[in-house]
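Here the structure comes first, spelled out in structure tokens, and everything after it is commentary.
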Amino acid sequence: MAPVPPPARGYRPTVVAPAAAGPPRGPRFRPIRRLGSGGFGRVWLAHDNQLGHVVALKAAHAPDAETE
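The numbering of the sequence shown is this note's numbering, which starts it at 42 and goes up by one.
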């Protein structure tokens, strides 16, 4: 996979929260790498095919149905 170029000057990241805790998949997002994780989910670096640039996605995970 080719390296991701640095963001353009004035770049403002778009944050989208998918429902699943795994890497974002499907026609819109192409996962690049996992950036980190914590108590509420994982953060992924991904390419947003709809917007045409790199985004950070937080995939939240809920410990039970009530929290979800």
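Backbone N, C-alpha and C fix where the C-beta goes; we use that ideal spot for every residue, glycine too.
A residue is called buried when at least 16 other Cβ atoms come within 10 angstroms of its Cβ; L76 does not meet this threshold and is exposed. G82 is bridged by DSSP to A101.
Ranked by how close their Cα comes to the Cα of A103, the residues R74, P72, R71, G79 have G79 in first place. Secondary structure of L76 (DSSP, three-state): strand. When the Cα atoms are used, W85 and P72 turn out to be separated by approximately 7 Å.
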